[in-house]
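Visitor: In my numbering, the protein residues as written are 160 to 428. Next up is a structure, given as structure tokens.
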Ligand SMILES: [Fe+2]
């Protein structure tokens with residue numbers, strides 16, 4: 160049998176929403192190995208900008224998630240929050256991406272096609288998030304340069320506005336396997352495959368506590384709204400945790416997607 164005939168045709172990618180603090184990390188550790196095995200998952204991305212105490216990342220928390228079964232960690236606006244981690248963004252052995260459309264002289268990289276069978280791109284939105292280079296133009300340039308080594312490409316678009324996320328997915332339809340939104344921590348029920356084969360969901364959701372405000376303890380977050388002042392906010396560390404993710408089936412011969420479905424679980428940690 161030729162190599163072509165023995166090559167795996169379907170690739171299954173699990174993309175996990177924002178993992179919030181130690182409670183989120185514990186939930187990933189307790190669920191992911193089993194999910195990978197039972198669902199024949201080939202590759203896992205994980206949104207990790209809130210891994211460490213609910214804000215930023217550290218080498219230790221990244222390592223914990225890689226050991227739990229994640230292959231590539233994407234991030235967003237909180238990637239810079241733990242200053243000691245910024246230098247590690249240039250570590251070639253840490254598969255952590257910062258959004259590609261930050262100014263290019265920042266540390267780190269925003270796209271990876273050498274961390275397994277799937278290429279991954281991290282982008283950040285501009286509507287209600289901040290002033291960045293156009294995610295549309297930046298990814299167009301990257302794809303025009305031949306990024307991906309022929310591998311299927313998935314995109315984590317860390318953005319607030321639902322319209323901006325859908326617009327990017329339609330812009331990339333037929334050119335990447337999937338565009339998934341993150342940042343709101345709220346899972347959306349709109350998984351679909353666009354006409355030319357790009358899978359899409361507006362937001363993956365989070366891995367964070369059920370009894371929380373976006374994974375954060377209610378008291379601190381609520382006080383911020385009641386007082387109008389910044390308040391100390393802590394991620395919920397234990398209790399019932401929502402594990403939100405999306406499973407994407409990709410036809411490896413086309414690099415495009417055949418199905419997208421939610422994989423949502425709850426676990427006590
Ligand atoms: Fe964010």
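Just so you know, even glycine gets a beta-carbon here, dropped at the ideal spot from N, CA and C.
#1: Since residue 202 sits in a beta bridge, which residues does DSSP pair it with?
#2: Check for me: the beta strand (DSSP E) holding residue 317 runs from which residue to which?
#3: Nearest CA to the CA of residue 413: which residue from 381, 423, 357, 392?
#4: Quick one, which of 390, 417, 383, 372 has its alpha-carbon nearest residue 179's?
#5: Would you give the residue range spanned by the alpha helix (DSSP H) that residue 295 belongs to?
#6: Compute every distance between the C-beta of residue 183 and the non-hydrogen atoms of ligand 1, then say whether any falls below 7 Å.
#7: By a C-beta neighbour count over all protein chains shown, 10 Å radius and 16 as the cutoff for buried, is residue 175 buried or exposed?
#8: What residues match up with residue 351 in a beta bridge as DSSP calls it?
#9: Which residues does DSSP pair with residue 375 in a beta bridge?
#10: From which residue to which residue does the beta strand (DSSP E) around residue 291 run?
#11: Going along the chain, which residues of its own chain have a beta-carbon closer than 6 Å to the beta-carbon of residue 278, five neighbours each way excluded?
#12: In the structure shown, what three-state DSSP assignment does residue 269 receive?
#13: Please classify residue 257: is it buried, with 16 or more other beta-carbons within 10 angstroms of its beta-carbon, or exposed?
#14: Alpha carbon to alpha carbon, how far is residue 297 from residue 403? Give it in angstroms, no decimals.
Guide: From the atom records:
#1: Its beta-bridge partners are 172.
#2: Its beta strand (DSSP E) spans residues 312–317.
#3: Ranking 381, 423, 357, 392 by Cα distance to residue 413 puts 357 first.
#4: Of all alpha-carbon atoms in 390, 417, 383, 372, the one lying nearest the alpha-carbon of residue 179 is that of 372.
#5: Element bounds for residue 295: 294–303.
#6: Checking the Cβ of residue 183 against ligand 1 gives no.
#7: The residue in question, residue 175, is buried, as its Cβ has 16 or more Cβ neighbours within 10 Å.
#8: Note: residue 351 sits in a beta bridge opposite 359.
#9: As a beta-bridge residue in DSSP terms, residue 375 pairs with 372, 394.
#10: In the DSSP annotation of this structure, residue 291 is not part of any beta strand (DSSP E), being labelled neither H nor E.
#11: Closer than 6 Å at Cβ, skipping near neighbours: 272, 307, 310, 312.
#12: The answer is coil: DSSP assigns residue 269 none of H, G, I, E or B.
#13: Under the 10 Å beta carbon count, residue 257 is surrounded by 16 or more other beta carbons and is classified as buried.
#14: Residue 403 and residue 297 have their C-alpha atoms spaced approximately 28 Å apart.
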